[in-house]
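Enquirer: The following block contains the structure, expressed as C-alpha cells.
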Amino acid sequence: MTTAPRSTDPIGLGIQLLGGFSVFVGPQVIPDAAWRLRKARALIKVLALAPGHRLLREQVMEMLWPDADPGAAGHSLRQALHIARRALALPLESGEPAAWLLSQDQALALEPTVSLWIDVKAFERAASAALDSQDTVALEEAMRLYAGDLLPDDLYEAWTVERRDVLRARYLSVLCELARLCQARGNLRRAAEAWQRILAVEPAHEEAHAALMRIYAASGQRSAALRQYQILRDALRRELDAGPHAETDRLHRDILSGRYPQGIVAADASVSQAEEQPPHAPAEPEQPPQAAGNLPPVLTSFIGREQELRTLRTLVADARMVTLVGPAGCGKTRLALQLARIVEGCPDGAWWADLAAITDPQLLPHVLASALSLREERERDPMETLAEHLRAKRVLIVLDNCEHVLDACASAVDTLLRSCPRLHIVATSRERIGVAAERLWPVPPLAVPAPDLPVEESLQSEAVRLFSDRARAVAPSFRFTPASTRTVGEICRRLDGMPLAIELAAARVRHLSVEQILQRLSDRSGLLTRAARVPRRHRSLEAAISWSYELLSPQERALFTRLSVFPARFTLEATEAICSGDSIEPAQVLDLLAALVDKSLVGVEESPAGAIQYRLLDTIRQYGREKVSAEEAQALSRAHRDYFLRLAEEAAPLLLGGEQIVWLNRLEADHDNLRAALEWSLQTGDIAGAMRLASGFGPYWWARHLREGRGWIERTLNAPGEVSDAVRLGALMWGRELAMVQDDWERGGELAEQALALVRETGQKELLGPSLASLGHVLWHLGESARGKALCQQGLALSADVQDGHMLKLLLYHCARVAWHETDFERVATLCTQLKEVSDRTGDLSGIIEAQALQGDAARYRRDYPQAVALFAQAIELAEHLGDRYYAATLKPRLADVTRIVGDAGRAHALYLDSLVTLHGLGERWFLMRSLVGLARLALDAGLPSRAARLLGAAQTLRDRLGALPDRENFDRAVTVTRGALDEQAFAAAWSEGRAMTLDQAVAYAQEHEDAAPPSAPPQAPR
C-alpha cells in the first residue's frame, strides 16, 4: 500500500488525477492560476499516466497537439514545459525552476528519485493487493483512494478514455468484492453502502440492484425492495433498452407475494451465511441503512414532467450545480424535490434547505447547517463546518427559493463546490444565481391540450391530469365528460399550464362546475391582458390567485391576508393569537383555516416533533401581503413579535425544567418566526423587545443554535436605545454564558464584568453570587486563577441569598468547574451533590447530567473507578433521554477512559468509536480529539505503537486547527509512551502519516481493524 513520504524525505511531489486534477508540493497545493496554459497542466497529466512517467517529445506533441505541424508543436511544448516548471517551483523558497520535470535527450520525465505520490498508482496497487487478499479492510482502503473518475475535465481527450474505463472497471471490481464479502458475512450496512456506490457509477448494474432488493426485503423494508426493482427497470430501459433478467423478475414476484425468505441471502444464494460469517461478526444481521436526508413528506401526487425528470437526472449527474429557473407558481420547488427523490449517485443523502423565510442573508449558513442537522462549533465559521462535513460525501442539496438572497447563495455555493468535490446542488430561483459551475434549466409550464385535440388525448395532457387529480382530492365524485374535458382544457390553456394556478382552480370544483370556473376566469380577462410588460404567465397566475381570493368570504379574506405576517410555517395557536380580532373571533380561526386549506391557499404538514403546522406558498404570501395596508401590516408584525415574546417568557423556565425536550422541539419548529420577530424588533428600534426575545430563548440557543443565538444577543447589546437595567442584565448574562461555552473567554470576561457591575449597581442580591462565580470561572481561564478562586468563594458565601433554581445552578456549576480545574476533587464532589439536588428540584436534566459528569471525573481522579463508571453511564443515559446526541457523545470518551483503565478494552473501544462517528457526523471537532487520543491509548495497550502514532498525529493536526486540545496531559503522556515504543525513524514516519490524514481519513482509519495500515495520502496534503 502506498503511504505518504517520510518527514525526513526531500519535499515531496503529489499528483491527484482521480476526481479532478491538483498538484501538491510538500504541504502546499499549486493554485490553478499558476498553470496559465491548459497544456501546461496537460503535460503533467500525461507524464503522470505514462509508464515510468516518461515520454518521448514526439509522443507528447502527438498527444497534445495532434493537428499542429512539428515546428509549431515543438514551440508550444517548450512554452508548456517552461510554465509547468515555474508552477512547480512556486512553493519552493528559492523560486528556481523545479527539478521534478526533466528534459533528457529526446524525452520528458517526472524525476523518479524524489518522493513522488500519484493517486492513480496508489489506487492500482491497493486494488490489486485487496482483491488478492479478500480482506474487507484492504478493499475499503482501495475504495477510498478512488476519489472519482480519471480527469473528469478531460473527458474527450483520447489519451484519457481507455485508462479511465480501466480504472472505473477496477473500482467496480473492488466494490463488488467488498459488497459480496460483507453481505456473506452478515454486515448488511457496509454491503448496502457498497452496492449503492456501484449504482452511483453504473446505474444499470443488475447484480447491485438485486442485492439491495434482497437486503431491503429480508430486513422488513418491502416497499424499498419493490422500489429498487422499479429503479432497476427504469435504468435498464434508459441505458440498455432492455429488461431485467428472469432471475431478478422472479425475485421481484417473490417479494411482492411475500414468499421471499425471512433470513438474509448473500449475493450468491448458494453461500451459507452461517458458514461464511466470521467469529467477530454480529450475531444478528444489521439493518441496511435508511435513505439519508430530510426531504419533506409528499402529501399530494406528482403529475407529469416525466421527460423533464429524465433530462434533469442526466444533467445533475453531469453538472455540479443545476438551477431551476422560472416565474412563481411554475412548479420549481415540487420539481426539485421530485428530482432529489429519484436522482442516483448520492448514497449520503438528499437534503432540502428552504431559504424563503430568510430576511438576513448572513443567516444562510446557519439555515444550511440546521438543514443538515449539524451542530455549530466553537468560534468556527458555519461554512467551514459545512465544508468539512461534506468534503468526502456524495450528497445532493436542494436550495429552495434563492432569489432574494442571491449574493449569499452564490458565495456559499462557490465555497462548497470548491471544497466538496462530490457535492451536487439543485437550486430553485426566479433568476440565475451566478456561479461558474451553474447550469440553468428553465422550468416550462405543464403541457396543455390543443383546442382541437380528441378528448382521449386531452385527458393524457399533464395540465388536465393535474386538474383531475386535485379536483378529485376535494370532490371524489368528480368525473370527466367529453364536454367538461374540453372545458378543463380551456381552463388549463387560460392559465398557461401554470401548476399553482391550475391547483387553485381545481380546488373550486366542490362548489362550482368547470363551466362556472371558466366563466369566472374569463370575467377576469382584464387581469390577463393588462400590464403588457408583465410576462403572460405572471399575469395568469395573478389572475388565478386573485379570482380565488375574491371567492372567499369576508372572514376568510381577512384571515388569509393576516396570515402573510408569518415568514414560513405557523401553528393554530399562533394564528388564533395573532390573526384574530375585528371580525374574527379566536374560536372561528380553526374553521376558517380549514376552509383556506380546502381551497389550496394554505398548506398543512406535520413537523418533525409531530405537531400540525400550516404554511403559505411564497407567491400566495406575497399576494396576501399586498392586500394589507401599511398600518395593518405594522400592527400584525407587532402582534407577531408580541406573541413570540410571550412565548419566550413562557418557555424560559420550562426550557430549564422537566419539559425541556418538548419545548426545544417546539421552538425548533418556530425558528423562522423567532428570527422574524427579532429582526422586526431591531429594525423598528425596539431594542428592549429584541433583548427580551434574544435572552428569553437563551436555553434554546445554548442547546441548538449557539453561534446564531450569540449573534442575536450581541446585536441587541450593540444596538443604541434605552433599555431597562433588568432587560440589559438578562442579555448580558446569557451573552456571557454563550461566550463561555464557545471558549471566547475574553468576550465572556467583558460581559461578566458588565453584568457584575450592573448587579451591584441595582442591588440585586440574588444575582450577585452567580455573577461572582461566573466571572471567577472566566478569570481562571484568562490566567488569573487566584482572583478567580477568590470570586468563586465570595459567590458561594452568598448562596443563601439565591432562591431561583437556575441561578443557584449557575453558581454551583461555575464553582465546581474551577474546583475541577484546580484538581480539588473533594470540593467538586461536594458542589456537584448540591448541584444535583437543585437540578432535581427544578427538573433540569442538563444540570443533573453536568453534576454527574463532574462527579464522575472526581471519582476517576480518586481512582474510584466503579463509581466513575456508574456516574458517567447514568449521565449518558440521561443525555440520550433528553434527546441530546451531542451531549451524550461528548460524555462517552470520559466513560471510555475509565473502562480502558479497568481493563475493559472492548467496551472502551466501542464507546470511543461511537462518540467519534457521532461527533464527526454532527460537525463537532473538540471532543472528537479526545476519542482519537483514547483509541491511540488502546492501540498502545494492544502493542500497536505505529497505529497509536498515526492516531496521535491526526489528533495533533486537529489540535493545530482548533488551537487547543482537551486533556493535554493525557495526550502528552500518550505521545511520550508511543515515542518510547518505536525507534525515532519509525515514530517519525507513522506520526507524519497521521499528520497527513484529512479528518475523514482519520475517522475512517480509526474505525478499521487494529492491524490495518493507514490510508494512503498525498505528501503532506493540505487539510
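For the sequence shown, this note's numbering assigns the number 138 to the initial residue and increments by one for each residue that follows.
For glycine and all other residues, C-beta sits at the position ideal for the given N, C-alpha and C.
The model shown is predicted, which means the values in this text are computed figures rather than measured ones.
Write down every uninterrupted run of the alpha helix (DSSP H) in the stretch 715-775 whose length is 4 residues or greater and which is fully enclosed by it, in chain order.
Expert: Whole alpha helix (DSSP H) segments, 4+ residues: 726-735 and 755-763.
Enquirer: Tell me the residue span of the alpha helix (DSSP H) that contains methionine 458.
Expert: No alpha helix (DSSP H) holds methionine 458; the beta strand (DSSP E) holding it covers 458-462.
Enquirer: Could you tell me which uninterrupted beta strand (DSSP E) segments, each at least 3 residues in length, are contained entirely in the stretch 519-589, listed from first to last along the chain?
Expert: Complete beta strand (DSSP E) runs here, min 3: 532-537, 560-566 and 575-579.
Enquirer: For methionine 944 and isoleucine 715, what's the separation of their Cα atoms in angstroms?
Expert: Answer to the nearest angstrom: the Cα atoms are 33 Å apart.
Enquirer: Let me confirm a value: isoleucine 570 is counted as buried when at least 16 other C-beta atoms fall within 10 Å, else exposed. Which label applies?
Expert: The residue in question, isoleucine 570, is buried, as its Cβ has 16 or more Cβ neighbours within 10 Å.
Enquirer: By Cβ distance below 7 Å, which residues in the same chain neighbour leucine 991 in space, the five residues on each side in sequence not counted?
Expert: Ala953, Trp957, Val965 and Cys969.
Enquirer: For glutamate 763, does the count of other Cβ atoms within 10 angstroms reach 16, so buried, or fall short, so exposed?
Expert: Exposed is the call here.
Enquirer: Let's see if you can read the secondary structure: which residues bound the alpha helix (DSSP H) around arginine 1037?
Expert: Here the alpha helix (DSSP H) through arginine 1037 covers 1022-1038.
Enquirer: If you run the structure through DSSP and keep just helix, strand and coil, what is tryptophan 332?
Expert: Helix, per DSSP.
Enquirer: Please confirm whether leucine 1075 and leucine 1065 have their CB atoms less than 8 Å apart.
Expert: No; because the gap between Cβ atoms is not below 8 Å, this pair is not in contact.
Enquirer: Output needed for proline 484: all residues of its chain with C-beta closer than 7 Å, excluding positions within five of it in sequence on either side, in chain order.
Expert: Excluding positions up to five away in sequence, the list reads Glu330, Gln333, Arg334, Ala337 and Arg531.
Enquirer: Sorted by chain position, which residues of the same chain lie with C-beta nearer than 6 Å to alanine 403's C-beta, five sequence neighbours on each side aside?
Expert: Low per-residue confidence applies at alanine 403: pLDDT is 34, beneath 50, and the placement is therefore not dependable, though the value from the model is reported in the following sentence. Excluding residues within five positions, the ones whose Cβ falls inside 6 Å are Gln320 and Ala321.
Enquirer: In angstroms with no decimal places, state the Cα-to-Cα distance between arginine 326 and leucine 804.
Expert: Their backbone Cα atoms lie some 34 Å apart in a straight line.
Enquirer: Note down, one range per segment and in chain order, each beta strand (DSSP E) of at least 3 residues found wholly within the stretch 252-337.
Expert: Whole beta strand (DSSP E) segments, 3+ residues: 253-255.
Enquirer: Quick check: glutamine 1144 and leucine 1050, are their CB atoms within less than 8 Å of each other?
Expert: Result yes, Cβ atoms of glutamine 1144 and leucine 1050 sit closer than 8 Å.
Enquirer: Using 10 angstroms around the beta-carbon of threonine 618, count the other beta-carbons present and answer buried if the total reaches 16, otherwise exposed.
Expert: Burial call: exposed.
Enquirer: To the nearest angstrom, report how far apart arginine 706 and phenylalanine 781 are at their CA atoms.
Expert: Distance between the alpha carbons of arginine 706 and phenylalanine 781: 14 Å.
Enquirer: Candidates Leu388, Ala361 and Ala275: which alpha carbon is nearest alanine 347's?
Expert: For the residues Leu388, Ala361 and Ala275, the minimum Cα distance to alanine 347 belongs to Leu388.
Enquirer: When burial is assigned at 16 or more other CB atoms within 10 Å of the CB, is isoleucine 562 buried or exposed?
Expert: When all chains shown are included, isoleucine 562 counts as buried.
Enquirer: Which two residues bound the contiguous beta strand (DSSP E) that contains tryptophan 917?
Expert: From DSSP, tryptophan 917 is part of no beta strand (DSSP E) but of the alpha helix (DSSP H) over 902-918.
Enquirer: Answer with buried or exposed for leucine 733, where buried requires no fewer than 16 other C-beta atoms within 10 angstroms of its C-beta.
Expert: Result: buried.
Enquirer: Leaving out five residues before and five after alanine 185 in sequence, what residues of the same chain have Cβ atoms less than 8 Å from its Cβ?
Expert: Cβ within range, chain order: Ile152, Leu154, Leu247, Ile255 and Val257.
Enquirer: Note the first and the last residue of the continuous beta strand (DSSP E) segment covering phenylalanine 161.
Expert: Residues 159-162.
Enquirer: At the level of alpha carbons, what is the spacing between valine 162 and glycine 740?
Expert: Taking the straight line joining both Cα atoms gives about 56 Å.
Enquirer: Hey, out of Gly984, Thr979, Ser983 and Ala988, whose CA is closest to threonine 967's CA?
Expert: Checked all of Gly984, Thr979, Ser983 and Ala988; the closest Cα to threonine 967 is Ala988.
Enquirer: Take lysine 469 and list the residues in its own chain whose beta-carbon comes closer than 7 Å to its own, dropping the five residues that flank it on each side.
Expert: Only Leu461, Gly463, Thr565 and Val580 meet the Cβ criterion.
Enquirer: Could you tell me the distance, in whole angstroms, from the CA atom of arginine 215 to the CA atom of alanine 177?
Expert: Each residue's Cα considered, the two are about 10 Å apart.
Enquirer: Indicate whether proline 340 and glutamate 521 have their beta-carbon atoms separated by less than 8 Å.
Expert: Contact flag unset, no.
Enquirer: Would you call the stretch 432-442 and the stretch 718-729 in contact, with 3 or more CB pairs under 8 Å?
Expert: At 8 Å Cβ cutoff, the stretches do not touch.
Enquirer: Answer with buried or exposed for alanine 411, where buried requires no fewer than 16 other C-beta atoms within 10 angstroms of its C-beta.
Expert: Low local confidence applies: a pLDDT of 28 at alanine 411 is under 50, so the model's placement there is unreliable, with the coordinate-based value given in what follows. It is exposed - the Cβ of alanine 411 has fewer than 16 other Cβ atoms within 10 Å.
Enquirer: Taking 6 Å as the limit between beta carbons, can you name the residues of its chain near glutamate 1017, skipping five residues before and five after?
Expert: Same-chain partners within the cutoff: Ala1025.
Enquirer: Looking only at DSSP bridge pairs, what is valine 166 linked to?
Expert: Answer is Phe161, bridged to valine 166.
Enquirer: The beta strand (DSSP E) with arginine 191 in it runs from where to where?
Expert: Unbroken beta strand (DSSP E) run through arginine 191: 191-193.
Enquirer: Which residues does DSSP list as the beta-bridge partners of glycine 151?
Expert: Phe161 and Trp254.
Enquirer: Write down the C-beta distance between leucine 637 and threonine 756 rounded to the nearest angstrom, noting that I regard them as a contact closer than 8 Å.
Expert: The pair is a contact, with the Cβ atoms about 7 Å apart (cut-off 8 Å).
Enquirer: Taking DSSP as the reference, what is the three-state secondary structure of glutamine 399?
Expert: Confidence at glutamine 399 is low in this model, with a pLDDT of 43, below 50, so the placement of that residue should be treated as unreliable; the coordinate-derived value is given next. Glutamine 399 falls in the coil class under three-state DSSP.
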